[in-house]
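If you read the sequence shown in my numbering, its first letter stands for residue 24, the second for the next number, and so on. Think of the CB as a built atom: it goes at the ideal place given N, C-alpha and C, for glycine as much as any other residue. Since the model is a prediction, treat every value here as computed from it, not as a measurement. Written out below as structure tokens is the structure these notes cover.
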Amino acid sequence: MSGEDKGRSRARGAVQHRIALMRARDEAETSAAQLAAHGLIAVLAPATEIRLLASALPVGSFDALIVTSPRAIAALAVGDRARLAGLPLHAVGERAAGAARAAGLAPSGETAADSAALAARLAASFAPGARLLYLAGRERRPELEAALAAAGHRIVAVALYSAEARDAWSRAEAEGVAACDAALHYSHRSAALAVALAERAGIGGVFRAMLHVCLSQRVAEPLAAFGASRIACSDAPNEARLIAALEQAFGGAA
24 MSGEDKGRSR ARGAVQHRIA LMRARDEAET SAAQLAAHGL IAVLAPATEI
74 RLLASALPVG SFDALIVTSP RAIAALAVGD RARLAGLPLH AVGERAAGAA
124 RAAGLAPSGE TAADSAALAA RLAASFAPGA RLLYLAGRER RPELEAALAA
174 AGHRIVAVAL YSAEARDAWS RAEAEGVAAC DAALHYSHRS AALAVALAER
224 AGIGGVFRAM LHVCLSQRVA EPLAAFGASR IACSDAPNEA RLIAALEQAF
274 GGAA
């Protein structure tokens, strides 16, 4: 048998792990493609639903634009995109930066890995008193705004979308999660909501025993409090390292 044939034979015999994704469907579909590239099967069971909000941008001038999620760009009206096109844009994560470029906005400098890094960069780049427009979701952590306010900046946050908690999974979604080998968790809130949804669906015991791989130690907190004992965390807050942690937890490349 040739080396190529042996490789095909191994691929046919390889175990395809099923991975539960609880993030909202738009992001879960992107993550599913990443998992598929690693030979993993994604099972979507969103803990939240995204709803666009009819929020008007404030009047006046701004020194910079802040974006931490591609959803904020997607929710931005075409006319508002044109109005903001000349502002230096500071983004968290490559997805947000990529969405901004696609919308005709111009990310300034390197993309920040997380909100803390972005706050530090903005504090160093602007003198106190800068007026910063933050395109955000309604449900968000307060650290970025608090850090910028502490540095003397005036941050104006506009909620363009809401990630609303779902009341329950469908029967098919619950059964799909129960049949998974592991779950990936990207945020503290969605992990907590997933725990509640699993209990409500009657699969709390199965969910507790499952392997849970989290973007950070903070994301893992609701799962640890729930009693899950098989928890692994990424060594960096990005999806590539999250999937690497998943593969490591499975004992090597999937």
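query                                                                                                                                                         : result
Tell me which residues share the same chain as Ala-243 and place their Cβ nearer than 6 Å to its Cβ, disregarding the 5 neighbours each side in the sequence. : Cys-237, Ile-254, Cys-256
DSSP three-state label for Ala-277, please.                                                                                                                   : Low confidence applies to Ala-277: its pLDDT is 47, below 50, so where it sits in the model is not reliable enough to give any reading.
Considering only residues of the same chain and omitting the five flanking positions on each side of Gln-57, which have a CB-CB separation below 7 Å?         : Glu-262, Ile-266
From Ser-193, Ala-95, Ala-65, Val-181, pick the residue whose C-alpha is nearest to that of Glu-52; which is it?                                              : Ala-65
Extract the residue ranges of the beta strand (DSSP E) inside the region 179-236, only unbroken runs of 3 or more that lie entirely within it.                : 205-208
Bridge partners of Gly-160, per DSSP?                                                                                                                         : Tyr-184
Can you give me the Cβ contacts of Ala-174 inside the same chain, cut-off strictly under 6 Å, excluding the 5 residues immediately before and after it?       : Ala-146
Under the three-state reduction of DSSP, which class applies to Glu-270: helix, strand or coil?                                                               : helix
Quick one: is Ser-148 near chain D, going by C-beta distance under 9 Å?                                                                                       : No chain D is present in this structure, which holds just one protein chain.
Compute the minimum distance between the beta carbon of Ala-182 and the heavy atoms of the ligand NAD, and state whether it is under 8 Å.                     : Judged by which ligands are present, the structure shown has none, so any question about the ligand NAD falls away.
In the DSSP assignment, find the unbroken alpha helix (DSSP H) run with Ala-247 in it and report its ends.                                                    : 240-249
For Ala-153 versus Asp-86, is the C-beta distance shorter than 9 Å?                                                                                           : yes
Assign Arg-118 to one of three DSSP states: helix, strand, or coil.                                                                                           : helix
Can you tell me where the beta strand (DSSP E) holding Ala-170 begins and where it ends?                                                                      : Here Ala-170 belongs to no beta strand (DSSP E); instead the alpha helix (DSSP H) covers 166-173.
Identify whether Arg-46 lies in helix, strand or coil by the three-state DSSP scheme.                                                                         : coil
With DSSP as the reference, please indicate the residues paired to Ala-87 in a beta bridge.                                                                   : Leu-155
Quick one: what's got a C-beta closer than 7 Å to Ile-226's C-beta in the same chain, skipping five residues either side?                                     : Ala-197, Val-200, Ala-201
Taking just the CA atoms, how far does Val-229 sit from Arg-212?                                                                                              : 20 Å
Which residue or residues does DSSP assign as beta-bridge partners of Arg-74?                                                                                 : Ser-185
Straight-line CA distance for Pro-165 to Ala-135?                                                                                                             : 17 Å
Measure the alpha-carbon distance for Leu-269 versus Leu-88 and round it to whole angstroms.                                                                  : 34 Å
In terms of residue numbering, what span does the beta strand (DSSP E) encompassing Leu-67 cover?                                                             : 64-67
Could you give the distance in angstroms between the alpha-carbon of Gly-132 and the alpha-carbon of Pro-93?                                                  : 17 Å
Here's the rule: buried if 16 or more other CB atoms are within 10 angstroms of the residue's CB, otherwise exposed. What is Pro-81?                          : exposed
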